[in-house]
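S.K.: Numbering (the working numbering), first residue to last: 6 to 404. After the structure tokens below, expect a handful of questions from me.
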Amino acid sequence: MPDGRVDMLPPQPMTWQDAVPATGQMASPLRSVWLSADAGEAVVWHRQRPLFQGTATTAQSIPNTAYTAITGLAALVDNYGGANDTSNTGRYYGPITSTGQPSAGDWYLVSGYVPMNFTATTGIVIAGVRVSGGTVQAGGRVPGSAHAETAMVVDLVQMTGWGTATNSYLGDWVELMAYQSSGAAATTLVSGKAPALTVRWVCASPAASSSQVVAAPGIPHTWTASDIWTADATGAGKVPLNRELRDAVRFMNYPPIARVTVDGSTQTIPSGATWTSLSFTTEYVDTHSGWAPGTPTKYIAPKAGLYYVGGFVNLIEAASPVGYRAIRLLQNGTTAYAGWSMVPQTTGTLGSALNAVGLIRMAAGDTIEVQVQQTQGAALSQYTNVGNAGRLIAVWMSQ
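What follows is the structure in structure tokens.
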């Protein structure tokens, strides 16, 4: 492409083989076209992964008690032209995938921000995301007050790319959703702050990744003119291509990511000053097996690095809510990263949903938990249906 990008993910890197004279096996030839595909295209892709951020600068009317897609997003960045549907101006379409598995799709980190211009003290504001018209994945649920309220959502979503055999070759799209219950239609706020949607590619389709996941690729050394390439043999003056090229590309295509939820859980959150860890039940993606049913409250970092971590809880409120609600992330049982805290809506039982988000540096084996605290005076149950259930997401970002 003229700007240096590729229009699809780099192909899965090849596996090189050494010569084995005893069996007659010949070494893989070192061809420039293979090196270009494995190394060159991988560098081009990973230096400019699909990224979109758009804001809506025109106020939009949101009806009472109905999820509505935010439209009119003006792109601040859209390096793959995913927001090009002039009839549906709030949609971002995922680019084509590389894995030959269009039925699965790649994973994207999505965040959205919805400020509402109403001051009703009896309503709530919710931000959510929706893929291809499916179930809305809810985010923060903020009670109304005398001030304009803003809700936020963070999630991992999976999308097939345009050009695949699904969705009439259009592929999947994601859009930002807004909900409010002020009692009448209300408009989004666009003065000083405005609705915004950010979408970032983070992982190739796991449908083809079972044999592609690399736990910890070797660190490439600086090659010299006298080095000899090998497939796997190591030693002075040798370049093992499977470790230094193939595995490095595979790891960047399939870094550690995870999304686990409390779908169907019966766990309640006790009242008091004690923090309670969410016990997750359902795994949607976990490329490096960081979560296990045997330790349901913890995500265990499979590799050292900087992780983007998001926690979410959605509490069912009592008939007469009192006290406060809070959420945090806990690393290794000792280091806390504060999230939202709020006083619940006191009129009605609309529930309270809270987010905690952070960039956390972890060593391999470190643990992350999502913890909740509430002071209702009695235990509170959680919403556990798809779209509203509490969740933990984790994305390896860099070494």
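Beta carbons are placed, not taken as given, at the ideal position from N, Cα and C, and that holds for glycine. No experiment lies behind these values; they were computed from the predicted model shown.
What are the start and end residues of the alpha helix (DSSP H) that includes Asp252?
M.R.: Per DSSP, Asp252 belongs to the alpha helix (DSSP H) from Asp252 to Asn258.
S.K.: Under three-state DSSP, which class holds Leu78?
M.R.: Looking at Leu78 - three-state DSSP - the assignment turns out to be strand.
S.K.: Thinking C-alpha only, which one of Pro275, Asp252 and Trp296 is nearest Thr20?
M.R.: The residue with the shortest Cα to Cα distance from Thr20 is Asp252.
S.K.: If distances are taken between C-alpha atoms only, which option among Thr60, Pro349 and Leu194 comes closest to Ala80?
M.R.: When each option's Cα is compared against that of Ala80, the closest is Thr60.
S.K.: Which stretch, first to last residue, makes up the beta strand (DSSP E) that contains Ala27?
M.R.: Careful: Ala27 lies outside any beta strand (DSSP E) and carries neither H nor E.
S.K.: So the alpha helix (DSSP H) Arg52 belongs to, where does it begin and stop?
M.R.: Glu46 to Arg52 is the extent of the alpha helix (DSSP H) around Arg52.
S.K.: Quick check on Asp291: does DSSP put it in helix, strand or coil?
M.R.: In this structure, Asp291 counts as strand in the three-state DSSP scheme.
S.K.: Using CA coordinates, which residue listed in Ile129, Gln53, Met367 and Ala143 is at the minimum distance from Ser150?
M.R.: Ranking Ile129, Gln53, Met367 and Ala143 by Cα distance to Ser150 puts Ile129 first.
S.K.: Buried or exposed, going by whether 16 or more other CB atoms sit within 10 Å of the CB of Ile131?
M.R.: Per the 10 Å Cβ criterion, buried.
S.K.: Grouping DSSP H, G and I as helix and E and B as strand, with all else coil, what is Glu322?
M.R.: Here Glu322 sits in coil by DSSP.
S.K.: Looking only at its own chain, which residues have a Cβ that is under 7 Å from the Cβ of Gln381, when we skip the five neighbours before and after it?
M.R.: Closer than 7 Å at the Cβ level, and outside the excluded window around Gln381, lie Ser276, Ala323, Pro326, Val327 and Gly328.
S.K.: Does the pairing of the stretch 187-198 with the stretch 213-232 give three or more beta-carbon distances under 8 Å?
M.R.: Touching, no.
S.K.: Which of the three DSSP states, helix, strand or coil, is assigned to Val119?
M.R.: If DSSP states are grouped into helix, strand and coil, Val119 belongs with the strands.
S.K.: Express the C-alpha separation of Thr281 and Ala384 in angstroms, rounding to a whole number.
M.R.: Cα to Cα, the separation comes out at about 11 Å.
S.K.: Could you tell me the alpha carbon to alpha carbon distance between Thr271 and Tyr388, rounded to whole angstroms?
M.R.: If you take the alpha carbons of Thr271 and Tyr388, they lie about 9 Å apart.
S.K.: Please report the distance separating the alpha-carbon of Tyr259 from that of Val207.
M.R.: Their backbone Cα atoms lie some 8 Å apart in a straight line.
S.K.: Judging by CA-CA distance, which residue of Arg52, Ser284 and Ile365 is the nearest neighbour of Thr300?
M.R.: Considering only alpha carbons, the answer is Ser284.
S.K.: For Ala343, count neighbouring Cβ atoms within 10 angstroms of its own Cβ and tell me buried if that reaches 16, exposed if not.
M.R.: It is exposed - the Cβ of Ala343 has fewer than 16 other Cβ atoms within 10 Å.
S.K.: State the DSSP-derived secondary structure class of Asp90, mapped to helix, strand or coil.
M.R.: Looking at Asp90 - three-state DSSP - the assignment turns out to be coil, as it is neither helix nor strand.
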